[in-house]
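Read top to bottom, the protein sequences are chains E and B. The opening position of the first sequence corresponds to residue 11 in this note's numbering, with each subsequent residue numbered one higher. The opening position of the second sequence corresponds to residue 75 in this note's numbering, with each subsequent residue numbered one higher. From the three backbone atoms N, C-alpha and C, an ideal C-beta is built for every residue, glycine too. Below: the structure, in structure tokens.
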Amino acid sequence: MLSLFAWMVPIAPLAGCIACTILAFRGDRKIAHLPAIISLLFAALFTICLIVFGAQGESGVVFSGYRYLNVGSLTLDISLKVDTLCLTLLAVVTCISAMIAIYSRDYMHDDPGYARYFAVFCGFVFSMTMLVLSNNLLMLYAFWEGVGTCSYLLIGFWFRKPSAARAATKAFLVNRVADCAFLIGILLLAYGVGHVEGAEASFFARLNFDNIVKAVPFLSLQHPELLTTIGFMLMIGAIGKSAQFPFHVWLPDAMEGPTPVSALIHAATMVTAGVYLMARLSPLLELTPAVLSAVGWLGGITAFIGAWMALYQTDLKRVLAYSTVSQLGYLFMALGAGAVSNLMTAAVVAAMFHLVTHAFFKALLFLSAGNVMHAMGDVIDMRRFGGLRKVLPKTNILFLIGAAALAGVPLLAGFFSKDGILSVLAQASKDGEFGGQFFVLLCIGFVTALMTAVYTSRAYFSTFLGTEKLPEEAGHHAHEATNVMLLPMAILAVGAVLAGGLLGPTGAISSYLLQSFKDGSHGEHHEELWVMAASGILALAGIGVGYALSQKSPSTAESGPLVAFAVFGRNRLYIDWLYNIAIVAPMEWLADLLGWFDENVIDGLAMWVASLPRLFGLIGQRVQNGRVPGYTYMTAFGIAALAVWIATR
Amino acid sequence: MDTLETLKSSLALMAPAITLILGGSVVMAASLVLKPGNARDVHGQRTGMAIASLAILVLAAMLELWRTMPSELGQGLFRFDQTALGSERLALLGGLILILMSWSTAPKANLGEYYGCLLIIIGAIPVVGASNDLVSLFLGLELISIPTYIMLGISKGDNAGSEATIKYFLLSAFASGFFLLGISYLYGFAGSTNLQVIQSSYASGGRLIAFAVVLVMCGLAFRITAVPFHFYAPDVFEGTSLTLAGIMSYLPKVAGFVALIRVLGTGLGAEAIAIVAPVLFVCSALTMLVGNFMASAQSSLRRLLAYSSVAHTGYLLLALTALLHQNAEPNVLFSYLAAYAAMTLGFFACLGEIEAAGGKTQLVGDLSGMFYRRPAASIGMTVCLISLIGLPLTAGFWAKFLVFMGTVAAGTKDPWSIAMAVLMAFNAVVAAGYYWRVLGKLFEKSDAYVPLRVFRPSLFMAYTICVVLTLVWFFVPAVM
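Written out as structure tokens, the structure is:
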């Protein structure tokens, strides 16, 4: 029964994807949301069934599917692994995707690619659920690429817009660079596991998570430097997908896609896949503190620069995008704390907790931004509208809830989960070896918390408060979103308010997640009250600063040392510019060169070779003359030649 | 036990084949009472005959499922091993698709003869597959040849049809002569017509037995359109109806390969293998090269498909060699044939639908812009072509991959095998070229498209089954 539930979770969106694809070909656009929404609701239902009816063992349950292939030493067994870690993310993915699919029904209503949108949407959910459920690292990688492809298709959904096509390509290529390292890591890991005594013969089976977990302690004794290399490679894959510095550049550009897509893929689910990968492989990473320390630094840098850049964006969606980058940085900072011995489990729990709450309030914020965009005639520049609380009264409240949760206002979801991360960092800073690093990271965490509150509140105040100002594109009937759009947002808002309080302080999520870890006893949650108080005060102070900033007229230039800070923030710290001249331009030059070589040398050669079979065929046609005597003579000659050959050997 | 006893005991096991052959005879008798009347009557007769044939096929399939297999495989005229079962399933699969294809394309005036012959051919394949005796093997093969002549003769009344029939008949008789010569040598050498006795004597026989085996192979090479027995294929494919071309490209090929497995067995001695394997290699290399090179020069779609069928025979011969060396999975040939059935018959069914809707399918150029005129059939053809090329997401990929792996694995015993694998890869590239040409035509843009709107449910079902199987088998290759 459980096995059926587990398999139905990915199969339902797959069926939805197939149905929508057929509808897309038939041109029946108006009903394409039905298969998508129904299948995604089913997936959510099956996930809830799985959570309610068990699958909570020490290391989870493995549901074997079928043997995909068995050729020589290559044996591919498709199976799913269900444990509490996977179920946590699975619940987030299926529930939020169902909500956003309902929202999309009206948001995408007049789009000519309606059916195509839902087909790729379901395809994404299928890939994501398979990624989460995979029992095998290589299979996880396959669906890792699957979600990447769906993300590419959705960022470039309006592919006739050059900026969208460019953004899609950029996201894809940046991810490819990271995935290349990831694949090397996987192959090295399979090689390493194969050298442990008693390893599976099959290359594929070695990469089953249970086998990896079994083999890494031996591997760390025999080849610690190999394990560290593997850890770094896997880390690069994870930070690519999760848009961490230096791979963060693709995520803000990914906002070219439809807003619900930004909410689902580029805020709530896909970008957290990297965190999930790290959590899944935590038994491996625990043995490589150097990697975790690097993860912590990268997370800290990303959290800070993300917030920095978010402060100086004028585009509402981009503020949210940089905020996502920054919040993901928090998650990686938390994971980094696992470098301190015995803190890995607590670090994973803190990261997963913030992942869940962030998914709720960030999806809510993006959908609210979508409502604003819808009403303003696709204008999203905050300088061109303001005081929308009368025009969009309900969106105003929903955005306020999401923004407050993101800013970390006490008792909302973001407050508890951010506090969890800061507590873990505080605990880690007491360690002897890595204490200094985590003390710095803790400080970054506090500063970033303040900045988060500032940019979030500034975005809210300048959009919804103040004097009403509408752009021309909005026309005369800027209107509130439909109820079909508001209902899923209301559900997400409930999550954004309650998820933190219900899951965090009660210890619900930590005790649930600990079932997935063997050394569960280490993961006790130490509440540090001073951390909680400090982050609460910082959040409220940040909101005050944000209010003050939003009252200033945008033309007023910053004074003193803030000028440089602002110029850098506005220009994305010149990172994109640097990449352009240092990497993209030489690559393009090389591509031009190779293109010339390909066109003139290789192509010419290939065309010449390709014409040969046809030439031979034309010669052969002379023989095929349609006359039976000819055929029989040729046949008889052939057999005679064979007979002579055999007789003379 | 004497022969009669073993024959009696194997009758129950042959029930599916017997059902098909008897059912075919009954259907054929229907032609005595059916009169070609007005259009409406003909339509009713067509539907009735097709449904009757399908019912017989379903009955045979059910008998296959209900039958309990004995513990011993059988030593007499028939032997029930994996080869017998595999050939039975291939025949039933092909039969289902072919009857659906025939539903709206069978010749109006000779419905009884047409369906009767088709059922008998389908029923004869399990007979060949289960044969453990040269006599029953030859009987099964002739049970395929003779109805094929009739079907070719009645399916198209024009000059090209008659020419195709006569050519096929003459060359088939010519090939059967070689086959008989070969099996008479085998009988003379072993002193028995029983294949197990013959195979047990392979180990002791050297050059003579190899010569006999090569003669038998030459006889069977005609059925599987291997070079230099392939000459009839393009002329016949061009001259006959699409459904018949589908039948000709699949059913005799299954029978031929099953017969080859039966005769060669797995008991060939090292000395005999050393003689037979090079012959198979030469045959396979020539078949691949001639098939692909000739196909790439064709502008006629029918001839292109005929040469493509020749080329696939080349790949299958490689699989057979790998089997001979016992380096491949035993079902590699059957997997390939199943995938081949889905992709080739599916392609013919799509063409059949286009023709039924009033489109032309003689030349490659006739398919220009077909996607905009007939999208469903074009998508079907696209999937089938991708499978024929052997790209992933289709069954054709696993089919080629398994043959390739088997051939490479056989390289440990015979270094030439590696060279053959390389040649196969090269041929796959050449083949991709001309399949791609057809694929490109389908999506070609032009100014005026006349949509083809006539809908034939039976043909649509036929290619839907093929496309679904092609796609599903990629994901679950174990059941292929």
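| request: Output the distance between the C-alpha atoms of Thr85/E and Phe213/E, rounded to the nearest integer angstrom. | output: Translated into the one-based positions of the first sequence, residue 85/E becomes position 75. Translated into the one-based positions of the first sequence, residue 213/E becomes position 203. Distance between the alpha carbons of Thr85/E and Phe213/E: 8 angstroms.
| query | Taking buried to mean at least 16 other C-beta atoms within 10 Å of its own C-beta, is Thr566/E buried or exposed? | reply | One-based indexing of the first sequence puts residue 566/E at position 556. Residue confidence is low: Thr566/E scores 49 on pLDDT, short of 50, so the model does not pin down where it sits. Its coordinate-derived value is still stated next. Exposed, since its Cβ has fewer than 16 Cβ neighbours within 10 Å.
| message | Nearest by alpha-carbon distance to Leu516/B: which of Phe212/B, Val553/B, Val477/B, Ile453/B is it? | response | For the purposes of this step, residue 516/B is taken as residue 442 along the second sequence, with counting starting at 1. Nearest of Phe212/B, Val553/B, Val477/B, Ile453/B to Leu516/B, Cα basis: Ile453/B.
| task | Give a yes or no on whether the minimum CB-CB distance between Gly533/E and chain B is below 8 angstroms. | result | To locate residue 533/E, count along the first sequence from 1; it is residue 523. Legend: pLDDT at Gly533/E = 48, less than 50; position of this residue unreliable, value from coordinates given subsequently. Cβ-Cβ to chain B under 8 angstroms: no for Gly533/E.
| query | Leu326/E and Ala379/E look like a contact to me (Cβ under 8 angstroms); what is the Cβ gap, rounded to whole Å? | reply | Counted from its first residue, the first sequence places residue 326/E at position 316. Counted from its first residue, the first sequence places residue 379/E at position 369. With a Cβ gap of about 5 angstroms, Leu326/E and Ala379/E count as contacting.
| request: Measure the beta-carbon distance from Leu338/E to Val464/E and round it to whole angstroms, keeping in mind my assumption that it falls under 8 angstroms. | output: For this step, residue 338/E is matched to residue 328 along the first sequence. For this step, residue 464/E is matched to residue 454 along the first sequence. Between Val464/E and Leu338/E the Cβ distance is about 19 angstroms, and since that is not below 8 angstroms, they are no contact.
| Sufficient close CB pairs (3 or more, under 8 angstroms) joining the segment 435-448 of chain B to the segment 176-190 of chain B | no
| said: Checking the sheet assignment: what are the DSSP bridge partners for Ser374/B? | reply: In the second sequence, counting from the first residue as 1, residue 374/B sits at position 300. BP columns for Ser374/B point to Leu437/B.
| field | Reduced DSSP category for Phe303/B - H, G, I as helix; E, B as strand; rest coil | value | In the second sequence, the residue the question calls residue 303/B occupies position 229. Note: Phe303/B maps to coil in three-state DSSP.
| query | Could you give the distance in angstroms between the alpha-carbon of Met368/B and the alpha-carbon of Thr269/E? | reply | Numbered from its first residue, the second sequence carries residue 368/B at position 294. Numbered from its first residue, the first sequence carries residue 269/E at position 259. Distance between the alpha carbons of Met368/B and Thr269/E: 54 angstroms.
| query | Any C-beta of chain E sitting closer than 8 angstroms to the C-beta of Met368/B? | reply | Numbered from its first residue, the second sequence carries residue 368/B at position 294. Interface residue, yes.
| field | Residues sharing a beta bridge with Tyr76/E, DSSP | value | Taking the first sequence and counting its residues from 1, the one referred to as residue 76/E is at position 66. Tyr76/E pairs with Ile88/E.
| query | Between Phe242/E and chain B, is there a C-beta pair that is closer than 8 angstroms? | reply | Within the first sequence, residue 242/E is the residue found at index 232, counting from 1. Not one chain B Cβ lies under 8 angstroms of Phe242/E.
| field | Span of the alpha helix (DSSP H) around Thr473/E | value | In the first sequence, residue 473/E corresponds to position 463, counting from 1. 445-474 is the span of the alpha helix (DSSP H), which, as asked, contains Thr473/E.
| Closer than 8 angstroms, CB to CB, is Cys292/B near chain E or not? | In the second sequence, residue 292/B corresponds to position 218, counting from 1. With 8 angstroms as the cut-off, Cys292/B counts as an interface residue toward chain E.
| query | Listed from N- to C-terminal order along the chain, which residues in the segment 624-637 of chain E have their beta-carbon within a distance smaller than 9 angstroms of any beta-carbon of chain B? | reply | Arg624, Leu625, Phe626, Gly627, Leu628, Ile629, Gly630, Gln631, Val633, Gln634, Gly636
| task | Would you please state the rounded distance, in angstroms, between the beta carbons of Lys241/B and Val310/B? I believe it to be under 8 angstroms. | result | By one-based count along the second sequence, residue 241/B stands at place 167. By one-based count along the second sequence, residue 310/B stands at place 236. At roughly 7 angstroms, the Cβ-Cβ gap stays under 8 angstroms, so Lys241/B and Val310/B are in contact.
| field | Member of Leu245/B, Phe408/B, Met291/B, Ala295/B whose CA lies at the smallest distance from the CA of Leu260/B | value | The count along the second sequence starts at 1 and reaches residue 260/B at position 186. It is Met291/B.
| request: Could you tell me whether the segment 157-165 of chain B touches the segment 194-212 of chain B, where touching means 3 or more Cβ pairs closer than 8 angstroms? | output: yes
| Alpha carbon to alpha carbon, what distance is there between Gly556/E and Leu95/E? | The count along the first sequence starts at 1 and reaches residue 95/E at position 85. The count along the first sequence starts at 1 and reaches residue 556/E at position 546. Rounded to whole angstroms, Leu95/E to Gly556/E spans 37 angstroms at the Cα level.
| said: Distance cutoff 8 angstroms, beta carbons only. Does Asp488/B sit that close to anything in chain E? | reply: As a working mapping, residue 488/B is identified with position 414 in the second sequence. Output row for Asp488/B: interface = no.
| said: Can you look up Asn381/E in the DSSP assignment and give me helix, strand or coil? | reply: Position 371 of the first sequence, counting from 1, holds the residue named residue 381/E. Three-state result, Asn381/E: helix.
| Taking C-beta to C-beta, are Ser433/E and Phe449/E nearer than 8 angstroms? | Your numbering for residue 433/E matches position 423 in the first sequence. Your numbering for residue 449/E matches position 439 in the first sequence. The answer is no: Cβ separation not under 8 angstroms.
| By DSSP, does Lys1/E sit in helix, in strand, or in coil? | Only positions 11 to 659 of chain E appear in the structure, and residue 1/E is not among them; the question remains open.
| query | Would you say the segment 490-497 of chain E touches the segment 111-122 of chain E, given that touching needs at least three Cβ pairs under 8 angstroms? | reply | yes
| Who are the neighbours of Arg126/E on chain B, taking C-beta pairs under 9 angstroms? | Numbered from its first residue, the first sequence carries residue 126/E at position 116. The contacting residues do not exist; Arg126/E stays about 16 angstroms from chain B at best.
| query | Looking only at C-alpha atoms, which of Ala188/E, Trp318/E, Ser161/E, Leu295/E sits nearest to Gly455/E? | reply | Translated into the one-based positions of the first sequence, residue 455/E becomes position 445. Ranking Ala188/E, Trp318/E, Ser161/E, Leu295/E by Cα distance to Gly455/E puts Trp318/E first.
| message | Please state whether the Cβ-Cβ distance between Leu2/E and Leu244/E is less than 8 angstroms. | response | With chain E covering 11 to 659 only, the question about residue 2/E has no answer from this structure.
| What residue range is occupied by the uninterrupted alpha helix (DSSP H) comprising Phe255/E? | To locate residue 255/E, count along the first sequence from 1; it is residue 245. Here Phe255/E belongs to no alpha helix (DSSP H), and DSSP marks it neither H nor E.
| request: Go through its chain and collect everything with a Cβ distance to Lys487/B's Cβ below 6 angstroms, but skip five positions before and after it. | output: Taking the first residue of the second sequence as position 1, residue 487/B is located at position 413. Contacts found: His399.
| Residue-chain proximity (Leu425/B, chain E), Cβ-Cβ < 8 angstroms | On the second sequence, position 351 is the one that residue 425/B refers to. Output row for Leu425/B: interface = no.
| request: Between the Cα of Ala412/B and those of Leu211/B, Phe296/B, Phe471/B, Pro181/B, spot the shortest distance and give me the residue it belongs to. | output: Numbered from its first residue, the second sequence carries residue 412/B at position 338. When only C-alpha atoms are compared, the closest one is Phe471/B.
| task | Have a look at Leu583/E and Leu496/E and give me their C-alpha separation to the nearest angstrom. | result | The residue given as residue 583/E occupies position 573 in the first sequence. The residue given as residue 496/E occupies position 486 in the first sequence. Taking the straight line joining both Cα atoms gives about 36 angstroms.
| For Val206/E, three-class secondary structure by DSSP | By 1-based counting over the first sequence, the position of residue 206/E is 196. Coil at Val206/E, not helix or strand.
| task | May I ask which residues mark the beginning and end of the alpha helix (DSSP H) holding Ala451/B? | result | Residue mapping note: residue 451/B aligns to position 377 of the second sequence, counting from 1. First-last of the alpha helix (DSSP H) with Ala451/B: 449-463.
| query | Using the beta-carbon of each residue, which ones in chain E are nearer than 9 angstroms to Gly507/B? | reply | In the second sequence, residue 507/B corresponds to position 433, counting from 1. Residues of chain E passing the Cβ test: Ala620, Pro623, Arg624.
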